[in-house]
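Chemist: The sequence shown runs 2 to 77 under the working numbering. Positions of the beta carbon are idealized from the N, C-alpha and C atoms, including for glycine. Since this is a predicted model, take the numbers as computed values, not measurements. The structure is given below, and queries will be raised subsequently.
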Amino acid sequence: MSVNCPICEAEAEEKLPRASDHIEIVCPMCHRFGITASALAIVYHRLPEDRHAALYHARAIAAQDKKTPLITSGMF
Ligand SMILES: [Zn+2]
């Protein structure tokens, strides 16, 4: 499904089926990441640099766990 990336607003793909508590985005700029419903509700009110900071934060955590980065509302 084609969507706009919640981080950089480029055209991206949403991975379906959608999980109950988060969505997964595959973006040509930001690569693959998840974002929770609560983070998604506030991300568009944040500045682009704050969105990217949240993605970097999620990536740093995911790198330790070898998982897909997951952006949560606590990262903004
Ligand atoms: Zn993006």
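#1: Per DSSP, what kind of secondary structure is Ser-3 in: helix, strand or coil?
#2: What do you get for His-32, buried or exposed, if any count of 16 or more other CB atoms within 10 angstroms of its CB means buried?
#3: Starting from the C-beta of Ala-38, find all residues in its chain whose C-beta is less than 8 Å away, skip the five residues before and the five after it, and write them out in chain order.
#4: Starting from the N-terminal end, write out each residue whose C-beta falls within a distance shorter than 6 Å of any non-hydrogen atom of ligand 1.
#5: Taking the C-alpha atoms as reference points, what is the distance between Asp-66 and Arg-52?
Modeler: Working from what's here:
#1: strand
#2: exposed
#3: Asp-22, His-23 and Ile-24
#4: Cys-6, Ile-8, Cys-9, Ala-11, Ala-13, Cys-28, Met-30 and Cys-31
#5: Using only the alpha carbons, I get a separation of about 21 Å.
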